[in-house]
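Undergrad:
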Amino acid sequence: MDYHDEDEEEYTVPFSKGEKTSTIQNCRCFNAVPLNEDACIDAITQMLYLIYTGVTLSEAEATDLYFTSTKLLQSSHTKLRRLHYILMKELAPLVPESFIASNSLMVDIKNGNDSVKSNAIRTLYAVMDNTMYSALDRTIVECMNSRSPLVVNAALVTGLHVAHVNPDMPKKWATQITEVMKDRSKAQYPAIALLHRIRKNDRLSVMRMIEQAKDSQIRSPLALCLLIKLCTELMQEDFDNSLDIYRFVSSLTQHNSDLVMLEAVKSICSLRNITDKEVSPAVMVLHLYLSTTSNYNAVSMFAALSQLSQVATTHPAAVSPLNDTLETLVLNPNRVIATLAITTLLKTGTEKTIDRLIAPLTSSNYFSSLGDEFKAVIVDAMRVLNAKFPSKYSVLLSFLFKALQDDGSAELKKCIIDTMMDIASANPSSNDVVLTHLANYIDDCEFPAVTKSVLMHLAEEVPHCANPKKYVRLIYNQATLEQAEVRAVAITTLAKLAARVPSLRPSICQLLKRSCSDRADQVRDRAHFYYKLLLSNDEGLIKALVTDVAKAVQAHRLQHIAEKQQKVSAVGKSDSVDVQNVPVAEGPASGERGASAAVQQGREQLRKIQQLRELGEPIYTQEPVALTDADSEYVVAVLKHCYAEHVVLQFRVKNTMDGVSFRRVAVLCNTDELEVEPLYAIPIECVEPGATGYSYVVLQYSSPEYPSGTVESTFRFAMTEEGDEEGEEDEYPLESFDVDVKDFIAPVDFGSQFEKMWEAAQDKETTGTYALSSMRNVTAAVHAVAEFFGMFVQGGVPEKITTPSHVLLMSGTVCDASRTVVLVQARVFVTQDNAVGLQLSLRGGEAELREYLNAAC
1 MDYHDEDEEE YTVPFSKGEK TSTIQNCRCF NAVPLNEDAC IDAITQMLYL
51 IYTGVTLSEA EATDLYFTST KLLQSSHTKL RRLHYILMKE LAPLVPESFI
101 ASNSLMVDIK NGNDSVKSNA IRTLYAVMDN TMYSALDRTI VECMNSRSPL
151 VVNAALVTGL HVAHVNPDMP KKWATQITEV MKDRSKAQYP AIALLHRIRK
201 NDRLSVMRMI EQAKDSQIRS PLALCLLIKL CTELMQEDFD NSLDIYRFVS
251 SLTQHNSDLV MLEAVKSICS LRNITDKEVS PAVMVLHLYL STTSNYNAVS
301 MFAALSQLSQ VATTHPAAVS PLNDTLETLV LNPNRVIATL AITTLLKTGT
351 EKTIDRLIAP LTSSNYFSSL GDEFKAVIVD AMRVLNAKFP SKYSVLLSFL
401 FKALQDDGSA ELKKCIIDTM MDIASANPSS NDVVLTHLAN YIDDCEFPAV
451 TKSVLMHLAE EVPHCANPKK YVRLIYNQAT LEQAEVRAVA ITTLAKLAAR
501 VPSLRPSICQ LLKRSCSDRA DQVRDRAHFY YKLLLSNDEG LIKALVTDVA
551 KAVQAHRLQH IAEKQQKVSA VGKSDSVDVQ NVPVAEGPAS GERGASAAVQ
601 QGREQLRKIQ QLRELGEPIY TQEPVALTDA DSEYVVAVLK HCYAEHVVLQ
651 FRVKNTMDGV SFRRVAVLCN TDELEVEPLY AIPIECVEPG ATGYSYVVLQ
701 YSSPEYPSGT VESTFRFAMT EEGDEEGEED EYPLESFDVD VKDFIAPVDF
751 GSQFEKMWEA AQDKETTGTY ALSSMRNVTA AVHAVAEFFG MFVQGGVPEK
801 ITTPSHVLLM SGTVCDASRT VVLVQARVFV TQDNAVGLQL SLRGGEAELR
851 EYLNAAC
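Position 62 (the sequence shown) corresponds to 62 in full-length UniProt numbering; numbering is contiguous.
Written as structure tokens, this is what we have:
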């Protein structure tokens with residue numbers, strides 16, 4: 001501590017200035033003879049601090065440090081031994097042969113004292129490999145029978161870890177765990193957790209533990225809290241068949257432990273679809289904590305009030321009997337308790353009490369002295385009040401206007417502004433007042449995201465005001481700020497006002513003309529575009545490109561989705577085509593034969609990831625698509641691996657810089673347009689100079705509706721130079737890429753068998769005729785059709801077509817579980833009005849699949 005300045009105290013972490021290299025050097029004291037315990041303790045503490053703060057060790061560094069530290073196992077110094085066990089657990093994942101220390105740990109478990117045994121058994125699991133589970137099995141069972149609670153708890157916790165990687169082994173310990181739970185109250189918490197892990201989702205096992213709790217066999221408060229959590233899961237799944245469990249949890253609200261009582265109350269209050277009558281017993285228990293004459297401390301009172309505030313949102317009638325007690329807490333000297341009391345009263349009070357309750361909040365220092373979390377709770381209560389008492393909007397807005405001027409985070413400001421907008425939309429007479437206040441507020445707003453949100457709201461609402469002219473100058477002030485992103489949104493807002501209010505166009509055009517020389521490209525381009533568009537006075541064009549552009553895009557997208565779903569759902573399922581005795585040539589869909597070196601290398605990297613191996617082998621992989629320039633500091637390409645129900649986006653990242661490493665590398669993808677479910681992503685820990693790493697994003701879809709659309713991606717990484725371990729994360733946009741139908745169809749050449757297969761599938765055919773109005777000639781249309789399907793084209797695609805029509809014969813296999821064969825005959829021709837038309841015939845697979853491919857075209 002630095003006490004030189006009484007007004008400002010500074011605390012410095014003793015190990016904050018340490019470096020990895022010097023710390024590893026200090027760890028050489030492990031080899032000293034005689035051993036200096038104090039120096040070893042300082043070195044281990046320094047190393048653990050670096051590891052916990054994100055410093056990574058290479059495999060060589062971790063291995064050398066790990067085996068050097070094993071000499072400390074001979075020391076009997078208690079504190080040194082505890083720190084050494086922690087260090088071994090942290091280094092074990094980085095050391096390939098960490099199991100070598102298991103023999104020494106087994107000796108500690110057999111011959112050490114209780115503290116050494118408990119630490120050693122926890123460390124043993126971290127350093128062992130899969131071949132040692134049988135030895136660990138015997139060790140855990142022996143430790144469960146120990147007389148020491150420390151050893152028993154360590155054995156149970158280790159068993160929980162084992163249950164995650166080897167679920168079958170702990171099932172053999174059920175008898176020992178049950179005996180431990182009966183005889184040792186201090187070990188009941190991990191015992192219940194392990195039993196539940198063994199019999200996961202087993203309602204009967206939970207009912208047995210409930211019976212044991214009723215017989216007072218489960219005495220630990222922590223164990224009872226865990227049992228309540230398990231009961232809550234069952235009640236939330238099926239409350240009607242869990243009335244016995246509900247009665248058991250209700251009985252625990254009378255327990256002599258505050259911990260158990262509050263957990264039981266929380267469980268009841270968290271249940272969905274229960275009545276006020278069923279939640280009232282829990283509310284009455286919470287009432288006991290609010291009495292000023294009770295012996296409960298402020299923490300218990302806070303917990304009770306916090307729970308009541310949540311219950312009042314869904315069950316205000318059940319909390320309203322407590323209003324008299326809550327009003328006495330409004331003047332409580334503890335600001336947090338008083339705030340929660342006011343918030344709860346606002347949710348349960350009447351219209352007459354609103355002014356009286358909000359008055360303390362509007363005092364000079366009350367609201368500003370609270371933290372952002374409690375401020376957000378109060379603001380959210382204003383939203384609820386507006387819905388209950390619309391006539392009180394003026395009082396609510398006055399409070400929100402003042403709250404907006406106080407200090408706070410961007411999230412809090414956004415919450416206040418959203419509440420103001422909701423109140424204004426529910427009370428149109430207040431709209432002008434709210435818009436004026438927001439327009440003045442953004443002049444001094446320090447959060448660009450909040451400013452942009454307000455500007456977009458003004459663009460939609462100002463045209464409906466009585467005097468929109470007064471907002472023009474306030475909006476234009478944002479077009480002169482430093483942030484280019486804010487200036488760009490301000491330009492768009494002005495253009496929308498000019499498009500919807502023609503009387504403002506001359507003045508707004510003059511303002512846009514000033515911004516045509518802006519130094520930022522996005523601002524300058526927008527200003528020039530809108531300036532020229534507004535001067536044209538083409539109302540139809542202005543409406544299409546300014547006023548209704550967002551609605552048109554959204555409507556078009558929704559219409560396309562609805563039509564596609566309607567076509568697919570209208571088609572009944574039919575049996576797949578049975579083509580007898582026709583050999584199917586093996587293509588890329590069934591293996592890697594014929595795939596490029598880049599695809600083969602991508603698949604090899606795919607097999608190295610355990611999570612991805614569980615998906616099996618990909619059915620088809622497209623060639624990589626570059627997302628950056630080849631001469632960039634980082635070169636990123638994407639490979640699309642397609643499965644029957646999954647798509648794995650594999651991003652190949654190459655570091656072309658010298659002396660600079662990329663750390664915490666990840667590619668963020670916006671897949672909203674694909675209509676898929678993102679499952680998980682696998683980032684890259686580090687990409688050394690000149691090296692290549694692979695990041696993954698796994699998506700799930702429902703066959704046969706294969707996803708299609710554009711994926712916007714962002715490259716996030718931290719750049720660090722040699723010797724540095726820390727670096728700030730940056731994000732850079734990558735080129736977007738498309739996921740199309742062709743990604744799920746592997747081209748297959750059936751050779752001379754094509755005609756036989758086509759004739760054999762004549763009873764299972766889907767046809768369609770289309771006008772290709774965007775194609776200028778037959779050649780361009782043929783190339784577009786072949787590119788869309790991505791199938792093998794019999795005879796290839798001609799470079800130039802001089803005839804008025806051309807027929808494409810295409811074949812491939814679809815990425816579904818049965819790898820369905822699909823044959824396509826596409827006739828491209830010139831129509832009578834000199835347009836280009838397409839007559840499409842698909843054969844093979846089920847009707848639903850053919851209709852989907854036909855509709856996608």
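All C-beta atoms in this analysis are idealised placements derived from N, C-alpha and C, irrespective of residue type, glycine included.
Work out the CA separation of residue 683 and residue 601 for me, nearest whole Å.
TA: Taking the first residue of the sequence shown as 1, we reach residue 601 at position 601. Taking the first residue of the sequence shown as 1, we reach residue 683 at position 683. If I take the Cα positions, the gap works out to 18 Å.
Undergrad: Give the straight-line distance between the Cα atoms of residue 320 and residue 736, rounded to the nearest whole angstrom.
TA: Translated into positions along the sequence shown, residue 320 becomes position 320. Translated into positions along the sequence shown, residue 736 becomes position 736. Using only the alpha carbons, I get a separation of about 55 Å.
Undergrad: Apart from the five residues just before and just after residue 747, which ones in its own chain have a Cβ nearer than 7 Å to its Cβ?
TA: Translated into positions along the sequence shown, residue 747 becomes position 747. Contacts found: 587, 790, 791, 792 and 812.
Undergrad: Below 8 Å, can you find three or more Cβ-Cβ pairs linking the region 796 to 810 to the region 599 to 618?
TA: no
Undergrad: Please report the Cβ distance between residue 82 and residue 75, rounded to the nearest whole angstrom; I am assuming they are in contact, meaning their Cβ atoms lie under 8 Å.
TA: One-based indexing of the sequence shown puts residue 82 at position 82. One-based indexing of the sequence shown puts residue 75 at position 75. So it is not a contact: roughly 11 Å between Cβ atoms.
Undergrad: Beta carbon of residue 444, beta carbon of residue 487: below 8 Å?
TA: Here the question's residue 444 lines up with position 444 in the sequence shown. Here the question's residue 487 lines up with position 487 in the sequence shown. No, they are not a contact pair.
Undergrad: Counting beta carbon pairs with one atom in the region 668 to 683 and one in the region 768 to 780, are three or more of them shorter than 8 Å?
TA: Counting C-beta pairs with one atom in each stretch, the region 768 to 780 and the region 668 to 683 have fewer than three that are closer than 8 Å, which means they do not touch.
Undergrad: Is it a yes or a no for the region 371 to 391 touching the region 420 to 436, going by three-plus beta-carbon pairs under 8 Å?
TA: yes
Undergrad: Thinking C-alpha only, which one of 549, 738 and 117 is nearest residue 500?
TA: As a first step, residue 500 is located in the sequence shown; it is residue number 500 there, counting from the start. Comparing Cα positions, the closest option is 549.
Undergrad: Contact check, residue 687 vs residue 667 under 8 Å by CB: the rounded distance?
TA: For this step, residue 687 is matched to residue 687 along the sequence shown. For this step, residue 667 is matched to residue 667 along the sequence shown. That belief does not hold up - the Cβ atoms of residue 687 and residue 667 are roughly 12 Å apart, past 8 Å.
Undergrad: Within 10 Å of its beta-carbon, does residue 770 have 16 or more other beta-carbons around it, so buried, or fewer, so exposed?
TA: On the sequence shown, residue 770 is found 770 positions in, with the first residue counted as 1. Under this definition residue 770 is an exposed residue.
Undergrad: Count the other C-beta atoms from every protein chain shown that fall within 10 angstroms of the C-beta of residue 892, then say buried if there are 16 or more, exposed otherwise.
TA: Lying before the first or after the last residue shown, residue 892 is absent from the chain, which here runs from 1 to 857.
Undergrad: Checking 8 Å against the spacing of the C-beta atoms, do residue 692 and residue 652 come in under that value?
TA: Numbered from 1 along the sequence shown, position 692 holds the residue referred to as residue 692. Numbered from 1 along the sequence shown, position 652 holds the residue referred to as residue 652. The answer is yes: Cβ separation under 8 Å.
Undergrad: How would you label residue 451, buried or exposed, when you count the other beta carbons within 10 angstroms and need 16 or more for buried?
TA: As a position in the sequence shown, residue 451 is number 451, starting the count at 1. The residue in question, residue 451, is buried, as its Cβ has 16 or more Cβ neighbours within 10 Å.
Undergrad: How about residue 880 and residue 772: are their beta carbons less than 8 Å apart?
TA: With the chain covering only 1 through 857, there is no way to say anything about residue 880.
Undergrad: Determine the closest residue to residue 640 out of 275, 611, 698 and 680, with distance taken between C-alpha atoms.
TA: As a working mapping, residue 640 is identified with position 640 in the sequence shown. Nearest option by C-alpha distance: 698.
Undergrad: Residue ranges of each alpha helix (DSSP H) run of no fewer than 4 residues wholly in the region 610 to 648, ordered along the chain?
TA: 610 to 613
Undergrad: With which residues is residue 717 paired in a DSSP beta bridge?
TA: Counted from its first residue, the sequence shown places residue 717 at position 717. Answer is 730.
Undergrad: Report, in whole angstroms, the separation of the C-beta atoms of residue 824 and residue 810, which I expect to be a contact under 8 Å.
TA: Walking along the sequence shown from the start, residue 824 turns up at place 824. Walking along the sequence shown from the start, residue 810 turns up at place 810. The pair is a contact, with the Cβ atoms about 4 Å apart (cut-off 8 Å).
Undergrad: Of the residues 29, 308, 464 and 821, which one's Cα is nearest the Cα of residue 753?
TA: As a position in the sequence shown, residue 753 is number 753, starting the count at 1. The shortest Cα separation from residue 753 among 29, 308, 464 and 821 belongs to 821.
Undergrad: Please state whether DSSP places residue 483 in a helix, a strand or coil.
TA: In the sequence shown, the residue the question calls residue 483 occupies position 483. Residue state, collapsed to three classes: coil.
Undergrad: In chain order, which alpha helix (DSSP H) runs of at least 4 residues are fully inside the region 222 to 253?
TA: 243 to 251
Undergrad: Report the rounded CA-to-CA distance for residue 850 versus residue 762, giving the unit in angstroms.
TA: Within the sequence shown, residue 850 is the residue found at index 850, counting from 1. Within the sequence shown, residue 762 is the residue found at index 762, counting from 1. Taking the straight line joining both Cα atoms gives about 13 Å.
Undergrad: Using the Cα positions of residue 657 and residue 271, report the straight-line distance between them to the nearest angstrom.
TA: Taking the sequence shown and counting its residues from 1, the one referred to as residue 657 is at position 657. Taking the sequence shown and counting its residues from 1, the one referred to as residue 271 is at position 271. About 56 Å.
Undergrad: In whole angstroms, give me the CA-to-CA distance for residue 629 and residue 734.
TA: Along the sequence shown, one-based indexing puts residue 629 at 629. Along the sequence shown, one-based indexing puts residue 734 at 734. Roughly 10 Å between the two C-alpha positions.
Undergrad: For residue 843, which of helix, strand or coil comes out of DSSP?
TA: Here residue 843 corresponds to residue number 843 of the sequence shown, with the count starting at 1. Strand.
Undergrad: On the DSSP bridge assignment, give the partners of residue 680 in chain order.
TA: Working through the sequence shown from its first residue, we reach residue 680 at position 680. In the DSSP assignment, residue 680 is bridged to 698.
Undergrad: Locate the alpha helix (DSSP H) running through residue 43, then write down its first and last residues.
TA: Stepping through the sequence shown from its first residue, residue 43 is reached at position 43. Counting along the chain, the alpha helix (DSSP H) containing residue 43 begins and ends at 37 to 52.
Undergrad: Based on the DSSP secondary-structure assignment, which residues constitute the bridge partners of residue 747?
TA: Locating residue 747 in the sequence shown gives position 747, where the first residue counts as 1. DSSP lists 812 as partners of residue 747.
Undergrad: Under 7 Å Cβ to Cβ from residue 816, same chain only, skipping five residues before and after it: list those, please.
TA: The count along the sequence shown starts at 1 and reaches residue 816 at position 816. So the list reads 644, 703 and 704, once near-sequence residues are dropped.
Undergrad: Taking just the CA atoms, how far does residue 355 sit from residue 509?
TA: Start at 1 with the first residue of the sequence shown, and residue 509 comes out as number 509. Start at 1 with the first residue of the sequence shown, and residue 355 comes out as number 355. When rounded, the distance between both Cα atoms is 46 Å.
Undergrad: Roughly how many whole angstroms lie between the Cα atoms of residue 856 and residue 786?
TA: Stepping through the sequence shown from its first residue, residue 856 is reached at position 856. Stepping through the sequence shown from its first residue, residue 786 is reached at position 786. Distance between the alpha carbons of residue 856 and residue 786 is about 14 Å.
Undergrad: Quick check on the burial criterion: 16 or more other C-beta atoms within 10 angstroms. Buried or exposed for residue 566?
TA: In the sequence shown, the residue the question calls residue 566 occupies position 566. With a pLDDT of 47 at residue 566, under the threshold of 50, the modelled position of this residue cannot be trusted; read the value that follows with caution. Classification of residue 566: exposed, given that the 10 Å Cβ count is below 16.
Undergrad: With respect to the alpha helix (DSSP H) encompassing residue 415, which residues constitute its N-terminal and C-terminal limits?
TA: For the purposes of this step, residue 415 is taken as the residue at position 415 of the sequence shown. Its alpha helix (DSSP H) spans residues 410 to 426.
Undergrad: Which of the three DSSP states is assigned to residue 738 in this structure?
TA: Along the sequence shown, one-based indexing puts residue 738 at 738. Note: residue 738 maps to strand in three-state DSSP.
Undergrad: On the three-pair Cβ rule with 8 Å, is the region 136 to 154 touching the region 117 to 126?
TA: yes
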